[in-house]
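Scroll down for the structure; my scribbles are underneath it.
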Amino acid sequence: MSSKPKIKKKTTVSPELRAQKNEEAMVAGILEGSPDGIGVAIIRLECGCRKMAAVDCKGEAASKVVIYRDDAESICDACKEDNGAFARVVTQFIHWQEPIPDGATRMKIEAKVLGSYTSH
């Protein structure tokens with residue numbers, strides 16, 4: 013008896029999952045190239061571009077700031093013009109590398125890197 017080879021069905025990956033996987037790969041690459049990095053600041057812009065940079069234990073930059081856009085050869089024209097202006101930020105956070113710093117340290121670094129928020 014011959015066994016037929018199994019045919020794998022092609023699965024389509026959602027754009028959100030693909031963007032998440034691309035972002036995770038960028039985080040890993042940035043941290044790999046930044047030995048002092050304990051996390052990566054991720055700033056997502058309304059245009060779809062992202063700004064990222066490694067941060068060290070003092071909240072200082074541990075890498076250059078990288079701006080990229082998924083599945084594109086270059087960043088958008090707006091980012092080329094204004095370098096990813098704060099007014100266009102949709103989400104910002106720090107992806108922490110293990111071991112994750114204690115809560116007080118994280119809050120201090122986040123305030124320094126991302127700024128503090130005030131309620132109006």
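For what it's worth, the numbering used here labels the leading residue of the sequence shown as 13, then goes sequentially. Think of the CB as a built atom: it goes at the ideal place given N, C-alpha and C, for glycine as much as any other residue.
| request: Excluding the 5 residues preceding and the 5 following Asp82 in the sequence, name in chain order all residues of the same chain whose CB lies nearer than 6 Å to its CB. | output: Your numbering for residue 82 matches position 70 in the sequence shown. Beyond the five residues adjoining it in sequence on each side, Asp82 comes within less than 6 Å, by CB distance, of Ala31, Asn34 in the same chain, given in chain order.
> Can you tell me whether DSSP reads Gly51 as helix, strand or coil?
Replying inline: Your numbering for residue 51 matches position 39 in the sequence shown. If DSSP states are grouped into helix, strand and coil, Gly51 belongs with the strands.
Problem set entry | Assumed close pair Ala53, Val67 - CB separation to whole angstroms, cut-off 8 Å | As a first step, residue 53 must be located in the sequence shown, where it is residue number 41. As a first step, residue 67 must be located in the sequence shown, where it is residue number 55. That belief holds up - the Cβ atoms of Ala53 and Val67 are roughly 6 Å apart, short of 8 Å.
task = Taking 8 Å as the cut-off, decide whether the C-beta atoms of Ser75 and Ala90 are in contact.
result = To locate residue 75, count along the sequence shown from 1; it is residue 63. To locate residue 90, count along the sequence shown from 1; it is residue 78. The Cβ atoms of Ser75 and Ala90 lie no closer than 8 Å to each other.
- Query: Which class does Val77 belong to by DSSP, given the choice of helix, strand or coil?
  - Reply: As a first step, residue 77 must be located in the sequence shown, where it is residue number 65. In this structure, Val77 counts as coil in the three-state DSSP scheme.
How far does the beta strand (DSSP E) with Val102 in it extend, from its first residue to its last? Taking the sequence shown and counting its residues from 1, one reaches residue 102 at position 90. Per DSSP, the unbroken beta strand (DSSP E) holding Val102 starts and ends at 101–108.
Counting C-beta neighbours from all protein chains within 10 Å, is the total for Lys18 16 or more, i.e. buried, or is it exposed? Stepping through the sequence shown from its first residue, residue 18 is reached at position 6. Label assigned to Lys18: exposed.
Consult DSSP for Val25 and reduce its assignment to one of helix, strand or coil. Locating residue 25 in the sequence shown gives position 13, counting from the first residue. Three-state DSSP puts Val25 in coil, outside helix and strand.
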